[in-house]
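Everything on this sheet refers to the single structure shown next.
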Amino acid sequence: MTKAIHEPEEALMDMQEVWEDFLRLKELAVGQSYRTVAIDEQTDRLIHEIVDKGICGDATEVIVRAVRGFFASVWPSSPEKMEK
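Residues 2 to 85 in the working numbering are what the sequence shown spells out, letter by letter.
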């Protein structure tokens with residue numbers, strides 16, 4: 002493997018530029034935008050357990066189903082809101 006040598010006249014990317022590039026690539030790879038939500042350790046453990054047991058395919062499915070279930074329980078007269 003050939004080691005790349007940095008050209009002195011080229012500017013290095015700072016961490017913010019690297020992070021922004023990563024987020025853009027991640028968004029393009031999946032075709033959707035990402036939002037970050039802080040999840041406490043216990044909830045994270047529960048999400049992973051649900052996925053590990055095969056109840057849901059991934060963490061996204063767990064969260065989507067949980068939000069829709071919560072919505073239906075607090076606003077049962079509006080099922081059309083979940084169809085959009």
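Using N, Cα and C, we set each Cβ at its ideal position, and we do this for glycine too.
Pair within 7 Å by beta-carbon distance, residue i and residue j
i, j, result
"Val63", "Ile48", "yes"
Separation of residue j from residue i, as counted between CA atoms
i, j, result
"Val52", "Ser78", "30 Å"
"Leu24", "Met16", "12 Å"
"Ser74", "Glu18", "42 Å"
"Glu50", "Thr61", "13 Å"
"Trp20", "Arg69", "31 Å"
Cutoff 8 Å; reference residue i; Cβ partners in own chain excluding five residues on either side
i, result
"Asp22", "Met14"
"Asp59", "Val52"
Cβ separation of residue i and residue j, assumed to be a contact under 8 Å, to the nearest whole Å
i, j, result
"Cys57", "Arg66", "7 Å"
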